[in-house]
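Engineer: Got a structure for you, questions after.
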Amino acid sequence: MAFGFAQAFRTFGRLALVGAIGAGLAAGDVGAEQKTPSPGSAKALFAGVSLPTQGAAQPIGFYAKGCMTGAVALPTDGPTWQAMRLSRNRRWGNPAMIALLERFSQDAVKYAGWPGILVGDIAQPRGGPMLNGHSSHQIGLDADIWFTPMPARHMTAQEREDLPFTSMLQKDKFLTVNPKVWTESRARLLMLAASYPEVERIFVNPAIKKKMCDTWTGDRTNLGKLRPIYGHDSHFHIRIKCPPGAAGCTPQAPVGSGDGCDKSLAYWFTPAPWAPPKPPKPGAKPPKPPREMMVSDLPKACAAVLDAASVASVQAATYGGTSAATAFTAAPAAAPAADDDEALPDVGPVPNDKPTIQ
Ligand SMILES: [Zn+2]
Numbered sequence: 181m182a183f184g185f186a187q188a189f190r191t192f193g194r195l196a197l198v199g200a201i202g203a204g205l206a207a208g209d210v211g212a213e214q215k216t217p218s219p220g221s222a223k224a225l226f227a228g229v230s231l232p233t234q235g236a237a238q239p240i241g242f243y244a245k246g247c248m249t250g251a252v253a254l255p256t257d258g259p260t261w262q263a264m265r266l267s268r269n270r271r272w273g274n275p276a277m278i279a280l281l282e283r284f285s286q287d288a289v290k291y292a293g294w295p296g297i298l299v300g301d302i303a304q305p306r307g308g309p310m311l312n313g314h315s316s317h318q319i320g321l322d323a324d325i326w327f328t329p330m331p332a333r334h335m336t337a338q339e340r341e342d343l344p345f346t347s348m349l350q351k352d353k354f355l356t357v358n359p360k361v362w363t364e365s366r367a368r369l370l371m372l373a374a375s376y377p378e379v380e381r382i383f384v385n386p387a388i389k390k391k392m393c394d395t396w397t398g399d400r401t402n403l404g405k406l407r408p409i410y411g412h413d414s415h416f417h418i419r420i421k422c423p424p425g426a427a428g429c430t431p432q433a434p435v436g437s438g439d440g441c442d443k444s445l446a447y448w449f450t451p452a453p454w455a456p457p458k459p460p461k462p463g464a465k466p467p468k469p470p471r472e473m474m475v476s477d478l479p480k481a482c483a484a485v486l487d488a489a490s491v492a493s494v495q496a497a498t499y500g501g502t503s504a505a506t507a508f509t510a511a512p513a514a515a516p517a518a519d520d521d522e523a524l525p526d527v528g529p530v531p532n533d534k535p536t537i538q
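In this text, residue positions in the sequence shown follow our numbering: the first is 181, and each later residue adds one.
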């Protein structure tokens, strides 16, 4: 630990109230403040499409502003995974992402002592912004994995809707991993995910990143891929690089070479990320509410992606072929319950994974 956590923690005596806010945001549902997108918005249009386009798989644009063609679905079940919240219809991705998830799930059993993975949201059939829960996951190269192990039995579709998220954090403490819930196998799972060359970033709650910094005694080469961010305390988020030859995919700057256990992490343990927005000065114009994202705000090709012909069925576009598709078919996305821990907080600045002090 090169940089002043001790100092950061001393400050906390004075931050009890902020602490309470921080823990609440980090642990829970903050989606309630999200407005329903209007019918012509990019969110509504992309959420309204139930099947991917035909043709080659292409990510178009950036993780948080784009769409995709030629997506494939992760089969709802495999020997080492089960897909969750099937009604959301968000188990679509670039084939490189889906292949990685299947491989990761097998390696998790083999090398991490993990019984199999529960896969949360990947992307919508044509990517694009979602009605709720995420700002990224738009080009098929992001996927959420639960910190809850896969049960030994096959869950029904209803059970996959209802299984509650389990936070890894202690509810009554500021950004602290709950020692009763956290296990070494979860640490191994994260480092296994980070070990793949195509994985560029893994988003976790700052408390989890700190836990890893403090306790991981193995090879720390890939620890820097673990990036602290709001939420992400009941799941972690795997982001892969633009696949080779994906000309329309906008890459993100690679992470630095260090382990990230430095001031970029200490930042999260200060009041700054949790502070409510400053009230406007008396007499100042109230700030304009942010404009809804329209299809015209996305890369040009995304309008055509919305209009393109669909594949024949979910089964036809399920990774591994029709034999991999099970009896669960995806219903068109109803407005899913906002029970994500990835929704953004309604207070404070919302940095991407790179706070300005980094
Ligand atoms: Zn995610």
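We treat Cβ as the ideally placed atom computed from N, Cα and C, and that holds for glycine. Please read these numbers as outputs of a predicted model, since none were measured by experiment.
Would you report the Cα separation of ALA323 and ARG400, rounded to the nearest angstrom?
Structural biologist: Looking up residue 323 in the sequence shown gives position 143. Looking up residue 400 in the sequence shown gives position 220. Their backbone Cα atoms lie some 23 Å apart in a straight line.
Engineer: Considering only heavy atoms of ligand 1, does any lie closer than 7 Å to the CB of PRO317?
Structural biologist: As a position in the sequence shown, residue 317 is number 137, starting the count at 1. Residue 317 is actually His in this sequence, not Pro. Checking every heavy atom of ligand 1 against the Cβ of HIS317, one is found closer than 7 Å.
Engineer: Closer than 8 Å by C-beta to HIS334: which residues in its own chain qualify, once you throw out the five before and the five after it? Chain order, please.
Structural biologist: Here the question's residue 334 lines up with position 154 in the sequence shown. For HIS334, same chain residues with a beta-carbon under 8 Å away, outside a window of 5 residues either side, are ASP257 and GLN262 in chain order.
Engineer: My parser needs the alpha helix (DSSP H) runs of 4 or more residues fully inside the stretch 350–395; what are they?
Structural biologist: 364–374 and 386–395
Engineer: Regarding ASP322 and ligand 1, is the C-beta to nearest heavy atom distance less than 7 Å?
Structural biologist: Reading the sequence shown from its first residue, position 142 is the one you call residue 322. Yes, since a heavy atom of ligand 1 falls inside the 7 Å radius drawn around the Cβ of ASP322.
Engineer: Per DSSP, ILE418 is paired with what?
Structural biologist: Within the sequence shown, the letter at position 238 stands for residue 418. ALA323 and ILE382, per the DSSP bridge assignment.
Engineer: How about VAL299 and GLU380: do their beta carbons lie closer than 8 Å?
Structural biologist: Counted from its first residue, the sequence shown places residue 299 at position 119. Counted from its first residue, the sequence shown places residue 380 at position 200. The answer is no: Cβ separation not under 8 Å.
Engineer: From PRO516 to ALA374, what distance separates their C-alpha atoms?
Structural biologist: The residue you call residue 516 lines up with position 336 of the sequence shown. The residue you call residue 374 lines up with position 194 of the sequence shown. Note on PRO516: pLDDT 45, under 50, position unreliable in the model; no value is reported.
Engineer: Could you give the distance in angstroms between the alpha-carbon of ILE537 and the alpha-carbon of ALA332?
Structural biologist: Numbered from 1 along the sequence shown, position 357 holds the residue referred to as residue 537. Numbered from 1 along the sequence shown, position 152 holds the residue referred to as residue 332. Below a pLDDT of 50, predicted positions are generally treated as unreliable, and ILE537, at 31, falls in that range; the measurement from the model is reported next regardless. Going from the Cα of ILE537 to the Cα of ALA332 covers about 44 Å.
Engineer: Put ILE240 into one of helix, strand or coil per three-state DSSP.
Structural biologist: Here residue 240 refers to the residue found at position 60 of the sequence shown. Three-state result, ILE240: strand.
Engineer: Within the present structure, is the beta-carbon of HIS334 separated from the nearest heavy atom of ligand 2 by less than 7 Å?
Structural biologist: Ligand 2 is absent from the structure shown, which contains only ligand 1.
Engineer: Quick check: does the Cβ of ASP413 come within less than 7 Å of any heavy atom belonging to ligand 1?
Structural biologist: Numbered from its first residue, the sequence shown carries residue 413 at position 233. With a threshold of 7 Å, the Cβ atom of ASP413 does not count as near ligand 1, since no heavy atom of the ligand is closer than that.
Engineer: Determine the contact status of CYS429 and PRO239, defining contact as a CB-CB distance below 8 Å.
Structural biologist: Within the sequence shown, numbered from 1, the residue matching residue 429 stands at position 249. Within the sequence shown, numbered from 1, the residue matching residue 239 stands at position 59. Yes, the Cβ-Cβ distance between CYS429 and PRO239 is below 8 Å.
Engineer: Hey, quick one: how far does the beta strand (DSSP E) through ALA263 stretch, first residue to last?
Structural biologist: Here residue 263 is taken as the residue at index 83 of the sequence shown, counted from 1. Note, ALA263: beta strand (DSSP E), 261–263.
Engineer: What separation, rounded to the nearest whole angstrom, lies between the Cα atoms of ALA489 and ILE302?
Structural biologist: Residue numbering aside, residue 489 sits at position 309 when the sequence shown is read from its first letter. Residue numbering aside, residue 302 sits at position 122 when the sequence shown is read from its first letter. Using only the alpha carbons, I get a separation of about 22 Å.
Engineer: Measuring only the C-alpha atoms, how far is CYS247 from ASP287?
Structural biologist: Here residue 247 corresponds to residue number 67 of the sequence shown, with the count starting at 1. Here residue 287 corresponds to residue number 107 of the sequence shown, with the count starting at 1. CYS247 and ASP287: Cα-Cα distance of roughly 29 Å.
Engineer: In three-state DSSP terms, what is PRO453?
Structural biologist: As a working mapping, residue 453 is identified with position 273 in the sequence shown. In the structure shown, PRO453 sits in a helix (DSSP, three-state: H, G or I).
Engineer: Could you check which residue in ALA427, ARG306, PHE327 and GLY438 has the C-alpha nearest to that of LYS405?
Structural biologist: By 1-based counting over the sequence shown, the position of residue 405 is 225. Looking at the Cα atoms, GLY438 is the closest of the given residues.
Engineer: On the criterion of 16 or more Cβ atoms from any shown chain inside 10 Å, does ASP413 qualify as buried, or is it exposed?
Structural biologist: Taking the first residue of the sequence shown as position 1, residue 413 is located at position 233. Classification of ASP413: buried, given that the 10 Å Cβ count is 16 or more.
Engineer: Using three-state DSSP, classify MET330 as helix, strand or coil.
Structural biologist: Position 150 of the sequence shown, counted from the start, is the residue given in the question as residue 330. Coil, per DSSP.
Engineer: State the Cα-Cα distance for the pair ILE325 and ILE418, rounded to the nearest angstrom.
Structural biologist: As a working mapping, residue 325 is identified with position 145 in the sequence shown. As a working mapping, residue 418 is identified with position 238 in the sequence shown. Computed Cα separation, rounded: 8 Å.
Engineer: Determine which residues share a DSSP beta bridge with GLY500 and list them.
Structural biologist: Translated into the one-based positions of the sequence shown, residue 500 becomes position 320. GLY500 pairs with nothing; no bridge assigned.
Engineer: Tell me, please, whether the stretch 451–466 touches the stretch 280–297 by the rule of three or more beta-carbon pairs shorter than 8 Å.
Structural biologist: no
Engineer: Do TRP294 and SER365 have their C-beta atoms within less than 8 Å of each other?
Structural biologist: Counting from 1 along the sequence shown, the entry for residue 294 is found at position 114. Counting from 1 along the sequence shown, the entry for residue 365 is found at position 185. Yes, the Cβ-Cβ distance between TRP294 and SER365 is below 8 Å.
Engineer: Shortest alpha-carbon distance to LYS443 belongs to which of GLY425, CYS393 and HIS415?
Structural biologist: What you label residue 443 is simply residue 263 of the sequence shown in a count that begins at 1. Answer by Cα proximity: CYS393.
Engineer: Is there at least one non-hydrogen atom of ligand 1 closer than 7 Å to the beta-carbon of ASP257?
Structural biologist: Along the sequence shown, read from residue 1 onward, the residue named residue 257 stands at position 77. Flag unset: Cβ of ASP257 not near ligand 1.
Engineer: Classify LYS351: buried if its beta carbon has 16 or more other beta carbons within 10 angstroms, exposed otherwise.
Structural biologist: Here residue 351 corresponds to residue number 171 of the sequence shown, with the count starting at 1. By the Cβ-count criterion, LYS351 is exposed, with fewer than 16 other Cβ atoms from all chains shown falling within 10 Å of its own Cβ.
Engineer: Applying the criterion that 16 or more other CB atoms from any shown protein chain within 10 Å of the CB defines a buried residue, is GLY211 buried or exposed?
Structural biologist: Counting from one through the sequence shown, the residue named residue 211 turns up at place 31. In this prediction, GLY211 has a pLDDT of 38, which is less than 50 and means its spatial position is unreliable; nothing more can be read from the coordinates.
Engineer: Going by C-alpha distance, which of PRO259, PRO305, LYS360 and PRO431 is nearest ASP544?
Structural biologist: For residue 544 there is no data in the structure shown, the boundaries of the chain being 181 and 538.
Engineer: Can you give the Cα-Cα distance for PRO459 and SER221, rounded to whole angstroms?
Structural biologist: Position 279 of the sequence shown, counted from the start, is the residue given in the question as residue 459. Position 41 of the sequence shown, counted from the start, is the residue given in the question as residue 221. Roughly 29 Å separates the two Cα atoms.
Engineer: For a minimum of 4 consecutive residues, which ranges assigned as the alpha helix (DSSP H) are wholly contained in the stretch 243–317?
Structural biologist: 275–291
Engineer: Between the Cα of PRO408 and those of THR356, ILE319, THR216 and TRP448, spot the shortest distance and give me the residue it belongs to.
Structural biologist: For the purposes of this step, residue 408 is taken as residue 228 along the sequence shown, with counting starting at 1. Cα-wise, what sits closest to PRO408 is TRP448.
Engineer: Reducing DSSP to helix, strand and coil, say where CYS441 ends up.
Structural biologist: Locating residue 441 in the sequence shown gives position 261, counting from the first residue. Coil.
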